[in-house]
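Read in order, the letters of the sequence shown correspond to residues 1 to 117 in full-length UniProt numbering.
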Amino acid sequence: VEVMFENVQVPVENVLGDVGGGFKLALRILNSGRFAMGASGAGILRYLLAYATEHALSRIQFGQPIGQYGAIRKKLAEIACDIYAMESMAYLVAGLLDANPTRDLSLEAAAIKVSFH
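Quick look at the structure:
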């Protein structure tokens, strides 16, 4: 949905933030969403890793749990490493935001989001 306003006057008392600062505000909101997506994604992946590990330990193939096979163990370990990296990025960005809420962290927020995909 797109809404367009032409020749609209907004009273000064109704302006949110600085006049002309809407784009910067929109980017901050987008970055916040990217950060939240990546941070929550790490939690989701941690749950899925626990589920996959449980399955690998209970699924028997060729007389032993598939979790005993090197390829499965390697894949689970790679997923765990990815999760730790995502969590580390989330903690880093959260700390940077706490230290300076107005700092531009668009690159860092995008990196967290991309790592979730």
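All C-beta atoms, glycine included, are put in the ideal place defined by N, C-alpha and C.
For Gln9, the three-state DSSP class (helix, strand or coil) | By 1-based counting over the sequence shown, the position of residue 9 is 9. When secondary structure is reduced to three states using DSSP, Gln9 falls in the coil class, being assigned neither helix nor strand.
Work out the CA separation of Leu49 and Ile60 for me, nearest whole Å.
-> In the sequence shown, the residue the question calls residue 60 occupies position 60. In the sequence shown, the residue the question calls residue 49 occupies position 49. One alpha carbon belongs to Ile60, the other to Leu49, and they sit about 18 Å apart.
Bounding residues of the alpha helix (DSSP H) (the contiguous stretch that carries Val93) = Counting from one through the sequence shown, the residue named residue 93 turns up at place 93. For Val93, the enclosing alpha helix (DSSP H) has its first and last residue at 70 to 99.
If you draw a straight line from the alpha carbon of Lys74 to that of Met86, how long is it in whole angstroms?
-> Your numbering for residue 74 matches position 74 in the sequence shown. Your numbering for residue 86 matches position 86 in the sequence shown. Their Cα atoms are separated by approximately 18 Å.
Is Gly38 buried or exposed, if buried means 16 or more other CB atoms sit within 10 Å of its CB?
-> Here residue 38 is taken as the residue at index 38 of the sequence shown, counted from 1. Buried is the label assigned to Gly38, since at least 16 other Cβ atoms lie within 10 Å of its Cβ.
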